[in-house]
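These protein sequence lines are chains S and B, in that order. Quick note, the first sequence lines up with residues 252 to 685 if you use this note's numbering. Quick note, the second sequence lines up with residues 1076 to 1549 if you use this note's numbering. All residues carry an ideal CB built from backbone N, CA and C; glycine is no exception. Below: one structure, written as structure tokens.
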Amino acid sequence: VSGGPPPLPPVRVERALGLMPELEALAPLRALLVSISRPDERAQWSSSGPYLTLGKRGVYPDELRRHLPQVLHRVAEHVQVLSKAYVEALEAQQRNDAAGVVAALLRGGGLEEQVGRLAQAAAWYDLALGVAEALQDRRPEVEALRAVGYLCLRRGQRADGARHFQRALALAEAEFDQAGAIAACEGLGDAVFAQGDWAGSYAWYNRGLRLAEQADDAAQIGRLERRLGVLARNQGDLAGAGEYLRRARERFESRGPADEMARVLSAQGQLDAELGRHAAAAAAYREALAWAQRAPGDPGLELSVRLHLAELDLSAGALLDAEAELRRAEQVAIAGNLPDRLAQIYTLMGTLRGAQQDETGFVFFEQAVELARAVEHSPAAEAQVYHAYGLFRHRLGAHEEARAYLERARELFDALGEAVERARVDAELRALSA
Amino acid sequence: MTPPVRTNSVPHVAVPRPDATVRLRILVVEGESEGGGGTDVLHHVGQWAEDTRLDVEAAPDLPRAVRQLAGRRWDIVLAVLGERPDDDLSWWIDTLRAANGTPRLIAAAKAPSMGLVLRAQKLGVLDVLSLPLRREELVRALERLRNAATETAIPLPEVAHHAVGQYALVGQSPAMLDVYKLIAQVAASTATVLIQGESGTGKEVVARAIHVHGPKASGAFVAVNCAAIPENLLESELFGHEKGAFTGAVTRKVGRFEHAAGGTLFLDEIADMSLALQAKILRAVQEREIERVGGTDTIPIDVRLIAATNRDLKDAIKQGRFREDLYYRLAVVTIRLPTLAERGDDLLLLTAFFVRQFAERYGKRIGAISDRALDMLRGHAWVGNVRELRNVMERGVIVATDDVLRADHLPEELRGEAATRIDRPEGGLLTLAELEARHIASVLAHTQGQIGAAADILGIHRNTLTRKMKEYGL
């Protein structure tokens, strides 16, 4: 096309975000800005193209303006469903149905969680818990404790999460609430798994599984079998892991929810990868993506599978495929409003550049550190980035810097009480000294 | 410069012409959405299978389709798109990229929009058919695939190239000969050089060639991509920093200027540098000394500077985004690199060079390219120039299964372009609406989706453009 004025260049995301005050009210606008940002097509083939990160993507004010009604509609919709949950709580209060009040408040918290507003979700859950604690029927309290427990895990507060699940289990058992007890065992297993306590995690999952089998709850059995499979793989029992996953797969294949099937296949892919069966792993991941496609609404699930695929390609030395997969994962994270996952994606991208002996790959780690601090607010994520950054520097022969980054990772893991991760970093530091 | 090196000759590969009447294996995947009409599709294709020479199998849903795709080779996947056809199309393109034998996609949708058709073409989809399926439309798509199968192999020519470390200068076009002469003239001195050229034209390779043939060849060649590095880190990357100079300065760092001591510092994409940093570069060039960030010592530097850009620096000076004094310091000698389009038949030489290079890397033996694949390469716009061609060749070599690089081994985008060029004469002339939709789509691509700018170019009001975009599903 010739003629006409040359189009104005887009504004870089790093500059655009720098012009937006850090106000909670502007969070939807911030999310919209990130989700519509695109890599500058002129940069696609430039030598800086392979190093493109979120900050260097471009956004057009015109396009932002065009999408504004959409975001305003979404905000209004969210406020509307929250208000509806509150009105339902009021109606329950009016008819003296305290359990109904708790359920409605938990619904409000769940809606906040869905859009990533974790602090707001905590406010709803705390209210629900306060109401539930005064009830004679303890089942609403079990529900509330479970919601708070999972929220704690999402926020990286594992010990707090475990404490809430422990209380939920005690109450559920006292009330003969089997479903509540199963769910609490699952939560406890998740909490101690995240803390690296494999034996403890096994005990909780196994207890949950026995209860679920007694209750003949197929969905819970499948979920716990998948978790036991993942745990067994982490413990090095690959045959046991295969058996658990096979059972979970059989259970979900005919009638299970698509997202659970995707998770089972994703775990199967990780197991196949560990067994060196690359083709089988790739096939499992591809099928997991197909199941995830049937269960839309959870871009995080698709993203996780794509990251596993990228790791598989990376370990097989298929660097072009790994890069393409990471770029797809980046697009899913950006379009699906999951900027907190970008730190993980850029860390892997940096590792990939390290495998190519490409020094400029450090830009990915720098961006990942920034995202872990500013978007994710997660010292655990920051520590993971520093760990990988240290290994990257080591690979490129910058041993002094490698040591400094690994020590920073150790410091952060220490503060978080992450013994397993700290031990891994310690091992790297010892290897560096040797 | 040393004389060009001739690569080993590859034996002439005789390739039998594929049989155009061969039966095609087709996997029909019905839509999962309610009322998707998938059952009708399978029913119809089953009915037409014999006279259209198809071996038909069906997959009841997406996960099983993925399993069937992994299990054996397929020529075609006929997929019914659901209620979100654009998303479904992207999903299929991604899935088939990893499938056994890279089958071609025929997408079927209820009342497909013009936007969907254009997008599908761009992605290399064989055809988009509307539901309910019509036999003649399916037959036309199959004919297109069968015609495409009749490709003739052309042996790849021998290539004389000039090795520059792990890189190479390839080409015999007059435009490149001028570049070689300039490299030879400038290499012997230590003069600062500015290399200008579009993205992917080989600016870094030329910089390396100047370095290895210059007086500082025994020193290091240090490249810095100024656009890749965040603004706040670029200064310390170039000049280094002392420990604790800023948050994150965990150790003392030696900068790239110091790393390049006695050698060459290549500053790529220099136009992306902030004005403040440009001032510091100017000082380093003028004074031949630098200071680390947070340091007080002055460090003398002995480096040859080569800068490169894909922008028009004079234009940037006019807009106040680049310092004029720095421009004149850098542009002591300017080398302008031609685009791939300006290099004529260098395209074939570069293709042959990259195919051999990657065939060696991936342990393959490819000695020829098909006539159709070559036509596609010649018809492509190559906005990414040699870098884009290299990328396409690497992908092609990875997916190639025999000793000929065929059209099917090229990316969907190139195949889509070829389909657009080739198919219309067979399918008849474009309607006015099709022509308008295509033009609007191309203008929007040019303005990168900016409606205001697109409306200005098209000479219509933005509301009219918005209405047309909606009408055509763009």
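Please say whether G367 of chain S and R398 of chain S have beta carbons closer to each other than 8 Å?
Strictly speaking, residue 398 of chain S in this sequence is Ala, with Arg absent from that position. Between A398 of chain S and G367 of chain S, the gap from beta carbon to beta carbon reaches 8 Å or more.
Three-state secondary structure (DSSP) of P261 of chain S:
Residue state, collapsed to three classes: coil.
At a Cβ threshold of 8 Å, is L593 of chain S touching chain B?
Output row for L593 of chain S: interface = no.
Under 9 Å from the C-beta of L571 of chain S: neighbouring residues of chain B
N1466, E1469, R1470 and I1473, listed in chain order.
Buried or exposed: where does V1574 of chain B fall if 16 or more other Cβ atoms within 10 Å of its Cβ makes it buried?
No answer is possible for residue 1574 of chain B: the residues shown for chain B start at 1076 and end at 1549.
DSSP three-state call for V614 of chain S: helix, strand or coil?
It is helical.
T1373 of chain B in three-state terms, based on DSSP:
In this structure, DSSP gives T1373 of chain B a state outside helix and strand, which the three-state scheme calls coil.
Spatial neighbours of V1080 of chain B within its chain, please: C-beta separation below 8 Å, excluding the five flanking residues on both sides.
In this predicted model, V1080 of chain B has a pLDDT of only 43, less than 50, meaning its place in the structure is not dependable enough to derive any value.
The beta strand (DSSP E) enclosing S1445 of chain B, as first and last residue numbers:
DSSP places S1445 of chain B inside the beta strand (DSSP E), whose first and last residues are A1443 to S1445.
Whose C-alpha, out of S:L552, S:S505, S:L560 and S:P550, is nearest the C-alpha of R528 of chain S?
Among S:L552, S:S505, S:L560 and S:P550, the Cα nearest to that of R528 of chain S belongs to S:L560.
Can you list the residues of chain S that S1349 of chain B reaches, using a CB-CB cut of under 9 Å?
Those within 9 Å of S1349 of chain B in chain S number zero; the least Cβ separation is about 12 Å.
Residues that I1101 of chain B bridges to, as DSSP identifies them
Answer is B:V1131 and B:I1151.
Do L522 of chain S and R477 of chain S count as a contact pair if the criterion is CB distance below 8 Å?
No, Cβ-Cβ distance for R477 of chain S and L522 of chain S is not below 8 Å.
Taking 6 Å as the limit between beta carbons, can you name the residues of its chain near Y1255 of chain B, skipping five residues before and five after?
Correct list: empty, nothing qualifies.
Sufficient close CB pairs (3 or more, under 8 Å) joining the stretch 1351 to 1368 of chain B to the stretch 1299 to 1314 of chain B
Short answer: they touch.
Is the CB of P1230 of chain B under 8 Å away from at least one CB in chain S?
It does not; no Cβ of chain S falls within 8 Å.
Under a three-way DSSP split, which group does G1319 of chain B fall into?
Annotated three-state conformation of G1319 of chain B is coil, per DSSP.
Would you report the Cα separation of L283 of chain S and V1368 of chain B, rounded to the nearest angstrom?
In this model, L283 of chain S and V1368 of chain B are separated by some 37 Å (Cα to Cα).
Contact with chain S by P1290 of chain B, beta-carbon distance below 8 Å:
No - not a single Cβ of chain S is within 8 Å of the one on P1290 of chain B.
Quick one: is V1116 of chain B near chain S, going by C-beta distance under 8 Å?
No, V1116 of chain B lies away from the interface with chain S (no Cβ there is under 8 Å from its Cβ).
Pairwise C-alpha distance: A586 of chain S and A534 of chain S:
Answer to the nearest angstrom: the Cα atoms are 25 Å apart.
Inter-residue CB distance, G1315 of chain B and G1338 of chain B (contact presumed, cutoff 8 Å):
Wrong, their Cβ atoms sit about 16 Å apart, outside the cutoff.
Alpha carbon of S1165 of chain B to alpha carbon of L268 of chain S, nearest angstrom
Each residue's alpha carbon lies about 29 Å from the other.
Output needed in chain order: residues of the stretch 1297 to 1325 of chain B with a Cβ under 7 Å from some Cβ in chain S.
Here the close residues are N1300, A1302, A1303, I1304, P1305, L1308 and V1325.
Within its chain, find whatever has a CB closer than 8 Å to the CB of R654 of chain S; leave out the 5 residues flanking it on each side and keep chain order.
Closer than 8 Å at Cβ, skipping near neighbours: G641, L680 and L683.
Sufficient close CB pairs (3 or more, under 8 Å) joining the stretch 633 to 647 of chain S to the stretch 659 to 669 of chain S:
With the cut-off at 8 Å, the stretch 633 to 647 of chain S and the stretch 659 to 669 of chain S touch.
For the stretch 1265 to 1272 of chain B against the stretch 1428 to 1444 of chain B, are there 3 or more C-beta pairs whose distance is under 8 Å?
Not touching, per the Cβ criterion.
Quick check on A584 of chain S - is its C-beta less than 8 Å from some C-beta in chain B?
The beta carbon of A584 of chain S sits no closer than 8 Å to any beta carbon of chain B.
Where the beta strand (DSSP E) containing Q1271 of chain B begins and where it ends:
Here the beta strand (DSSP E) through Q1271 of chain B covers V1268 to Q1271.
DSSP-derived helix/strand/coil call for L416 of chain S
Checking the sequence shown, residue 416 of chain S turns out to be Phe, not Leu. Here F416 of chain S carries a helix assignment [DSSP, helix/strand/coil].
Ignoring anything shorter than 3 residues, give me the beta strand (DSSP E) runs that lie fully in the stretch 564 to 621 of chain S, in order along the chain.
Counting whole runs of 3 or more residues, the stretch 564 to 621 of chain S contains no beta strand (DSSP E) stretch at all.
Identify which residue in S:L489, S:E342, S:G451 and S:A518 has its Cα closest to the Cα of E437 of chain S.
For the set S:L489, S:E342, S:G451 and S:A518, the Cα lying nearest the Cα of E437 of chain S is the one of S:G451.
Any C-beta of chain S under 8 Å from that of R1142 of chain B
With 8 Å as the cut-off, R1142 of chain B counts as an interface residue toward chain S.
Are any of the Cβ atoms in chain A nearer than 8 Å to that of R478 of chain S?
Note that chain A does not occur in the displayed structure, where the protein chains are S and B.
Boundaries of the alpha helix (DSSP H) in which S452 of chain S is found, first to last residue:
Note, S452 of chain S: alpha helix (DSSP H), W449 to A466.
In or out: A573 of chain S buried (at least 16 other Cβ within 10 Å) or exposed?
A residue is called buried when at least 16 other Cβ atoms come within 10 angstroms of its Cβ; A573 of chain S meets this threshold and is buried.
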